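S.K.: Using the working numbering, the first residue of the sequence shown is number 67, and each one after it goes up by one.
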Amino acid sequence: MAYALRKITPVLMVEAIEPCLPFWTALGFEKVAEVPHDDSLGFVILVKDGVELMYQSRASVAADIAAVAESPMGGTMLFLEVDDLDAVIRALGKTPVLVPRRKTFYGMDEIGVREPGGNAVVFAMPTGEGDAAGA
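In structure tokens, the structure reads:
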């Protein structure tokens with residue numbers, strides 16, 4: 067089967083979207099769309115440099131696709147390649163660190179954090195060494 071993939075956009079399901087927004091806006095993401103659900107946000111799209119990320123509240127998902135909302139939280143991890151890891155770390159401020167900054171065997175300088183919705187996010191910058199070099 068031949069077909070072309072155009073892009074992949076993660077949709078993170080969280081209890082509440084509002085606490086997650088400052089994490090991403092501090093990193094330069096802009097909220098480009100939002101959909102309310104009851105008295106809060108039900109869905110948002112965030113964009114920076116052509117990278118797109120979506121959040122949807124568990125209540126909004128439950129109203130739309132109940133079986134998905136019943137899934138246990140967690141298990142989602144985002145991996146974002148960046149061009150200036152020091153700048154990202156400054157923007158993260160006191161965000162809880164899951165994986166302290168490290169150099170990997172696959173040629174990345176990276177740090178892993180937990181965003182306010184509970185999802186793990188790894189920011190990585192190529193070191194020019196290892197398997198990722200030149201990729």
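Cβ coordinates follow ideal geometry from the N, Cα and C atoms, glycine included. Computed from a prediction, not measured in an experiment: that's the story for all the values here.
Can you have a look at residue 88 and say buried or exposed, based on whether 16 or more other CB atoms are within 10 angstroms of its CB?
M.R.: Locating residue 88 in the sequence shown gives position 22, counting from the first residue. When all chains shown are included, residue 88 counts as exposed.
S.K.: I want to know whether the segment 119-136 touches the segment 73-85 - three or more CB-CB distances under 8 Å.
M.R.: As far as the Cβ criterion goes, the segment 119-136 touches the segment 73-85, which means the pair count is three or higher.
S.K.: Could you check where the alpha helix (DSSP H) with residue 171 kicks off and where it finishes?
M.R.: As a working note, residue 171 is residue 105 in the sequence shown. Taken as a continuous stretch (DSSP letters only), residue 171 belongs to no alpha helix (DSSP H), as it is neither H nor E.
S.K.: How many whole angstroms separate the CB atoms of residue 127 and residue 111, which I take to be in contact at a CB cut-off of 8 Å?
M.R.: Looking up residue 127 in the sequence shown gives position 61. Looking up residue 111 in the sequence shown gives position 45. In fact, because the Cβ distance is near 15 Å, the residues do not count as touching under 8 Å.
S.K.: Going by DSSP, name the residue or residues bridged to residue 112.
M.R.: Start at 1 with the first residue of the sequence shown, and residue 112 comes out as number 46. The partner list for residue 112 (beta bridge, DSSP) reads 97 and 119.
S.K.: Does the beta-carbon distance from residue 192 to residue 86 come in below 8 Å?
M.R.: Here residue 192 refers to the residue found at position 126 of the sequence shown. Here residue 86 refers to the residue found at position 20 of the sequence shown. Going by C-beta atoms, residue 192 is not nearer than 8 Å to residue 86.
S.K.: Let me confirm a value: residue 68 is counted as buried when at least 16 other C-beta atoms fall within 10 Å, else exposed. Which label applies?
M.R.: The sequence position of residue 68 within the sequence shown is 2, counting from 1. Residue 68 is exposed by the Cβ-count criterion.
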